[in-house]
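Undergrad: As given, the protein sequences belong to chains U and E, one line each in that order. Under numbering that gives the first Met the number 0, the first residue of the first sequence carries the number 0, and numbering increases by one thereafter. Under numbering that gives the first Met the number 0, the first residue of the second sequence carries the number 0, and numbering increases by one thereafter. No residue lacks a Cβ here, since even glycine has one placed at the ideal position from N, Cα and C.
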Amino acid sequence: MKPKKVLVVDDSKLLHRMFEMMLRGFPLVHAFDGREALDRLAEHKDVEIILLDINMPRMNGLEFLTAVKAHPEFARIPVVIITTEGTEDDTERGMQAGAAAYVKKPFRNEELLGVINKLTASPAA
Amino acid sequence: MAAPEQLPPRLGSALDELRATLDRAAELAKEIGTPPPGGGELDSRLADVESDREELSSKLAEYEHQVGRLMNLYVATYQLHATLDPAEVQATIAEIAINLLGAERFVLLFWKTAQAAVAEGRSGECEIAFAQGMEDEVGGVYQNGMYAGGDPVVDATLSDGVLRIGPFDGSGALACVPLTVQGATVGALVILKLFDHKAMLRAEDRDLLDLIAAHAASALFAARVYSNADRKLKTLEGLVALVRRQ
């Protein structure tokens, strides 16, 4: 089975490096803010999951998420918010904006991998 | 209707067969209900296999966790030494503190005379090289880009270079990580508050704090030395070019 392409949107170089190590089986596309992420999505229409930070320059994660969910072509892509904003309100705001899952930093690698595997698993026939 | 006194021979034989079949069925039913010889041993082996499976599953989970932890340490170390730009090294230290340790408020202190501290073992004023979440800080020991002294835990770490993990009475620090180069303490990372969803520093965070103590200082120190040398070199090159033109 062809591995699913993952778009990583985070302004931290450290996190990008971590995802490279953690998601070795997945082809990754990198973006450092929401605006760049929209450009990357337009170039890589086969992205199947998005890992998204909230606090970023230029266009933050929630603005990006709203834009993605309003786009007819990209709205189907599951988005996992990965952020330090950890209150119940933050989680609710993210889920209401259309996120498929919410992971708080710092996270355990196996926790995030579990979420990604669940969201990228092929639907049962 | 009354039963005939004597059954016809064919019917009698059929009844005998039926009786024999029923007896055999009863025997078989009894056998099925009784565990076969050695069944208890099989049960015990099955229980052992189940227990081994559970143990392996828990060991696998632990192994995956350790792999993840080592990977984080590797990535953090790699990223710290990936650049010679002091600002980028500071940003990496901040990213480690925020993303891997869950620190919401912290300061990175660096002796103003850090190079002298390494060379001669002396200290001077401590500047705040980087601060996160300190915007609302009014008064206190971290002011105007400087650490004025006065927090007993921070003072102790800056003085003896020992990593301290709290919380502590009489100190705002949750953890104070010495930044040491060649045995000399050139600064400290002071963690003042964790994110609300991270209750406390865990035992595994100790490895990351040790890593920061060992690598952050040398990476930042090397970047600063390189940056100073590069600035001096460029100044000299500019002067030489000016002299040549004249």
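On a CA-only basis, which of U/K1, U/V78, U/T65 is nearest U/L51? Give me that one, please.
TA: For the residues U/K1, U/V78, U/T65, the minimum Cα distance to U/L51 belongs to U/V78.
Undergrad: Buried or exposed for E/P151, going by 16 or more other Cβ atoms inside 10 Å?
TA: The residue in question, E/P151, is exposed, as its Cβ has fewer than 16 Cβ neighbours within 10 Å.
Undergrad: Excluding the 5 residues preceding and the 5 following E/F167 in the sequence, name in chain order all residues of the same chain whose CB lies nearer than 7 Å to its CB.
TA: Hits under 7 Å: V152.
Undergrad: Considering just the uninterrupted stretch of the beta strand (DSSP E) at E/R104, what are its terminal residues?
TA: Segment 102-110, the beta strand (DSSP E) holding E/R104.
Undergrad: Does DSSP classify E/G186 as helix, strand or coil?
TA: Looking at E/G186 - three-state DSSP - the assignment turns out to be strand.
Undergrad: Assign E/G120 to one of three DSSP states: helix, strand, or coil.
TA: Note that E/G120 scores a pLDDT of 48, beneath 50, so its modelled location is shaky; the value from the coordinates is reported in the next line. DSSP places E/G120 in coil when its eight states are reduced to three.
Undergrad: Consult DSSP for E/R201 and reduce its assignment to one of helix, strand or coil.
TA: If DSSP states are grouped into helix, strand and coil, E/R201 belongs with coil.
Undergrad: Put E/R18 into one of helix, strand or coil per three-state DSSP.
TA: Correct three-state label for E/R18: helix.
Undergrad: Please list the partners that U/R16 has in chain E, where partner means a Cβ-to-Cβ separation under 8 Å.
TA: Within chain E, the residues near U/R16 are V74, Y77, Q78.
Undergrad: Tell me, please, which residues DSSP counts as bridged to U/V7.
TA: In DSSP, U/V7 forms a bridge with U/H29, U/L50.
Undergrad: Among the residues of its own chain, which have a CB less than 8 Å from the CB of E/G148, if the five just before and after it don't count?
TA: Correct list, in chain order: C125, V140, D154.
Undergrad: Round the Cβ separation of E/D195 and E/L100 to the nearest angstrom and send it over; I've been treating them as touching at under 8 Å.
TA: Not quite, the Cβ-Cβ distance comes to about 14 Å (not below 8 Å), so this is no contact.
Undergrad: Could you pull out every residue in the same chain whose Cβ sits closer than 6 Å to the Cβ of U/I80, ignoring the five residues on either side in sequence?
TA: Hits under 6 Å: L51, G93, A98, Y101.
Undergrad: So, at 6 Å on beta carbons, what are the nonlocal neighbours of E/R23 in its own chain, with the 5 sequence-adjacent residues on each side left out?
TA: Taken in chain order, the list of residues that qualify is empty.
Undergrad: In or out: U/V8 buried (at least 16 other Cβ within 10 Å) or exposed?
TA: Per the 10 Å Cβ criterion, buried.
Undergrad: Quick check on DSSP: helix, strand or coil for E/A174?
TA: Strand, per DSSP.
Undergrad: Would you mind giving the Cβ-Cβ distance between U/R34 and E/Q78, rounded to the nearest angstrom? I have them listed as a contact below 8 Å.
TA: That pair is no contact at about 24 Å.
Undergrad: Let me know the secondary structure DSSP gives U/T83 once reduced to three states.
TA: Of the three classes helix, strand and coil, the one that applies to U/T83 here is coil, per DSSP.
Undergrad: Would you kindly work out how many angstroms separate the C-alpha atoms of U/P105 and U/T83, rounded to a whole number?
TA: Spanning the two alpha carbons is a distance of roughly 7 Å.
Undergrad: Express the C-alpha separation of E/L173 and E/W110 in angstroms, rounding to a whole number.
TA: Whole-angstrom Cα-Cα distance: 21 Å.
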